[in-house]
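Reviewing the structure listed below.
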Amino acid sequence: MADHASIEVDLSSTVAPATEHWKQMDQLREAHRFFWNTKGGYWVLTRYEDIREAFNKPELFSNRSIVATDPNPAYRFLPSFSEPPQHMKYRHLMNGWFAPASIKRHAARIAELARETVSPLVSQGHADFITAFGDGFPVKVFLLVMGLPLDDAGFFVSAVQRMSGDTPGHPSDMTAWDDIHNYWAQMLASRRTSPCDPHVDFVTHLSLCELDGEPLPDVDILDILVTLTLGSLDTIKNQLGWCFYHLATHPDDRRRVAAMPELIPSAVEEFLRAYPIVGMARKLNEDTDFHGCPMKKDDMVLLSIPAATRDPRQFADADRVLIDRSPNRHIAFGASEHRCLGSHLARCELQSAIREWHSLIPDYRLDTDDQLLAHGGLISLRSLPLAWAP
Ligand code: HEM
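Each number in my numbering corresponds to the 1-based position in the sequence shown with 3 added.
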């Protein structure tokens with residue numbers, strides 16, 4: 004019989020002991036294939052196959068909004084909020100910049116940036132990984148890939164901290180969003196008067212792009228740049244936090260990764276699967292009966308990637324972290340046409356960070372007896388105190 008329970012569950016703003024958010028999603032998935040969340044008013048899909056199916060039906064599960072609690076957003080993420088055929092046109096303007104071959108050209112410098120970020124920590128003997136590494140490294144890589152000097156790293160670190168509300172004692176500060184928008188507006192104006200090399204500088208590249216035979220409008224360029232900023236910095240920082248949380252709390256895996264760096268790519272895939280940080284929503288284009296679940300036009304539907312990638316129907320020993328798991332068809336980067344534009348960059352960053360850190364600090368442990376806490380929404384650790392022999 005179809006199960007369409009109504010449940011009240013806070014999936015966005017809770018603070019809970021580390022890894023509790025995933026245990027909660029595991030329990031919800033095993034109790035309900037789908038349910039209506041009365042907190043926020045949206046459907047939740049919990050199983051891998053159903054979520055893949057929804058990702059693959061963009062004509063029904065639309066990208067008019069991708070935030071479950073915000074069906075009518077006043078902002079526009081691009082290319083995220085665009086639909087066929089416009090979506091593919093936007094992706095064509097950007098795909099090459101983030102394709103495997105382009106990222107490969109940056110790989111050596113990305114490794115250097117990781118090493119430069121770890122090196123000063125070696126003699127310290129302890130650090131909060133999130134602020135000492137997670138804040139700075141993704142920002143430097145982002146600036147590198149965008150073709151910008153690293154001088155502006157401080158601005159982005161502080162803007163992202165303000166937006167995600169992780170400065171101790173401060174909730175999310177949405178004026179940071181305006182600051183990021185203004186930063187890019189000024190940059191675009193300056194590139195219009197003095198263009199840089201369009202093969203190196205992404206803003207100049209976009210300023211020369213055309214869409215449907217017309218220059219790409221400034222409003223589109225700015226929405227793309229803001230989306231890239233929001234989509235690429237907090238995600239890497241938080242995913243890195245979970246990689247190092249796992250390695251700090253599982254000494255056998257840590258020793259294997261340090262001794263056999265060739266394991267790092269599969270370990271990263273497994274961390275993405277077992278510690279997935281982000282869920283995506285869709286807005287229904289019409290009434291539908293989804294495997295017995297009665298959904299209405301304009302309902303929001305959360306495709307819970309954190310439930311999907313840990314679904315035992317898809318993954319053997321789903322609740323175990325196996326750093327050499329193969330195959331590993333996780334969907335931590337989504338699926339189908341809106342699949343993460345930055346997945347190759349993300350993989351390169353995560354792998355470089357783990358490789359360079361362990362070449363300098365192979366042995367470390369959690370430096371606290373307190374319970375570590377994690378935010379819901381974008382599942383993230385507030386801090387990760389680590390200690391090692393200096
Ligand atoms: C661990 C890091 C990351 C994770 C887990 C992640 C996750 C995701 C997911 C699940 C989606 C699918 C959205 C949907 O279906 O609506 C997505 C889309 C996207 N991501 Fe990432 N992401 C990461 C890093 C990055 C980076 C580094 C960039 C920078 C280039 C980036 C840029 C984007 C963009 C622009 C989209 C929208 C794509 C589209 O709608 O066509 N992401 N990401």
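Using N, Cα and C, we set each Cβ at its ideal position, and we do this for glycine too.
Nearest in C-alpha terms to Gly128, of all of Tyr367, His378, Ala338, His208, is Tyr367. DSSP places Val121 inside the alpha helix (DSSP H), whose first and last residues are 103-125. For the pair of segments examined, the region 49-65 was found to touch the region 283-291: the number of CB pairs separated by less than 8 Å reaches three. The beta carbons of Asn59 and Ala262 sit no closer together than 8 Å.
The three-state secondary structure of Asn40, taken from DSSP, is strand. With a threshold of 16 other beta carbon atoms within 10 Å, Thr178 falls short and is exposed. The three-state secondary structure of Glu265, taken from DSSP, is helix. In its chain, beyond the 5 residues on either side, Leu96, Leu209, Ser210, Cys212, Glu213 have a beta carbon closer than 8 Å to the beta carbon of Leu219. Taking C-beta atoms as the reference points, Ile357 and Ile334 fail to come closer than 8 Å. Note on Thr371: under 16 other CB atoms within 10 angstroms of its CB, so exposed under the neighbour-count rule.
Every alpha helix (DSSP H) of 4 residues or more that sits fully in the region 187-270 is shown, in chain order, as 205-210, 221-252, 254-262. With respect to Val142, Asp237 sits apart: the two C-beta atoms are not nearer than 8 Å. Under the DSSP assignment, Ile308 falls outside any beta strand (DSSP E), being part of the alpha helix (DSSP H) whose first and last residues are 308-311. Taking 8 Å as the cut-off, the beta carbon of Leu147 is found closer than this to the beta carbon of His109.
Taking non-hydrogen atoms of the ligand HEM into account, the C-beta of Ser126 is found less than 7 Å away from none of them.
In this structure, the CA atom of Lys299 is about 6 Å from the CA atom of Thr291. Between the region 225-237 and the region 73-88, the count of Cβ pairs shorter than 8 Å is three or higher; the stretches touch. For Cys296, there is no enclosing alpha helix (DSSP H); the enclosing beta strand (DSSP E) has its first and last residue at 296-298. Not one heavy atom of the ligand HEM sits closer than 7 Å to the Cβ of Ala251. Lys240 counts as buried, since no fewer than 16 other beta carbons sit within 10 angstroms of its beta carbon.
Excluding five sequence positions before and after Ser126, the CB atoms of its chain that fall closer than 7 Å to its own CB belong to Pro393, given in chain order.
Distance from the C-beta of Thr312 to the nearest heavy atom of the ligand HEM is not below 7 Å. Within the DSSP bridge table, the entry for His129 names Ala390 as partners. Taking the Cα positions, His361 is about 29 Å away from Lys26. Ranked by how close their Cα comes to the Cα of Val222, the residues Gln242, Ser235, Gly244, Gln189 have Gln189 in first place. Distance from the CA of Gln374 to the CA of Pro20, rounded to the nearest whole angstrom, comes to 6 Å. Secondary structure note for Pro141: its alpha helix (DSSP H) is the uninterrupted segment 139-149.
At least one heavy atom of the ligand HEM is found less than 7 Å from the C-beta of Gln242. Here Asp292 carries a strand assignment [DSSP, helix/strand/coil]. Taking 8 Å as the upper bound for CB-CB distance, Gln242 and Ile280 are in contact here, some 6 Å apart. By DSSP's assignment, Tyr45 forms a beta bridge with Asn40. Counting every other CB atom within 10 Å of its CB across the protein chains shown gives Gly139 a total of 16 or more, marking it as buried. Taking C-beta atoms as the reference points, Glu352 and Val144 count as a pair closer than 8 Å. Using a cutoff of 7 Å, the CB of Cys212 does not count as near the ligand HEM, since none of the ligand's heavy atoms is closer than that.
Checking the DSSP bridge columns, you'll see Ala284 partnered with Leu305.
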